[in-house]
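FYI, in my numbering the residues of the sequence shown are 10 to 140. Report on the structure given below.
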Amino acid sequence: MTARGASGATATRCAPALAAVAFALAAITALAAPPLRGAETTAAAPLPAWSAAEERAALGLRAFADGQFDRAAELLATAEPPAELADWCLWALAEARAARAELAPARAALDELLAARPDSPLRPRALVRRL
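The structure is reproduced here in structure tokens:
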């Protein structure tokens, strides 16, 4: 899969991460969807409302998955994602900024990912990408 950012840089290196982000977005969408008609809802706890910063995280991941790197970088830079998505948001931010040839901010996002989420499955990828 090839996508181009505003700088025209080819972002083929994003393909594996895009699949994982798409999965995360599908999970978010499923959790936020209204219950099926006739489904038992009394046992389920209500979903918490999302803050504006959490919504920016979800929209930023969606923009990244769609190859809209400018929009993704804009949204993810000010997002405060849920803990479960923090590493993916930082990864997407780093990739979006790299696609825009913003290498110092991309490296800063990878550094934050490595420092804040040492247990992340993205850690090995971030270590290599940071080089």
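All residues carry an ideal CB built from backbone N, CA and C; glycine is no exception.
Annotation for Leu84: Arg65, Leu68, Gly69, Ala72 place their beta carbon closer than 7 Å to its own, counting only its chain and skipping 5 residues before and after.
Remark: C-beta atoms of Ala135 and Leu123 approach each other more closely than 9 Å. Counting along the chain, Glu121 sits inside the alpha helix (DSSP H) bounded by residues 112 to 125.
Listed in chain order, the non-local C-beta contacts of Ala103 below 6 Å within the same chain comprise Ala115, Ala118, Leu119, local neighbours out to five positions each way being set aside. Judged by DSSP in its simplified three-state form, Pro90 adopts coil rather than helix or strand. For the 9 Å CB-CB criterion, Asp96 and Pro130 form a contact.
Taking each of Ala101, Leu112, Pro90 in turn and checking the Cα distance to Ala61, the smallest one comes out for Pro90. Inter-residue distance for Glu111 and Ala92 is about 25 Å (C-alpha atoms, whole angstroms).
Going by beta carbons, Ala88 and Glu63 fall inside the 9 Å limit.
When the alpha-carbon of Pro127 is set against those of Ala58, Leu99, Ala81, the nearest one is in Leu99.
By a beta-carbon distance limit of 8 Å, Ala101 does not contact Ala86. Their separation comes to about 11 Å. Per the C-alpha coordinates, the member of Leu140, Val137, Ala107 positioned closest to Gln77 is Ala107. Collapsing the DSSP output to three states places Asp128 in coil.
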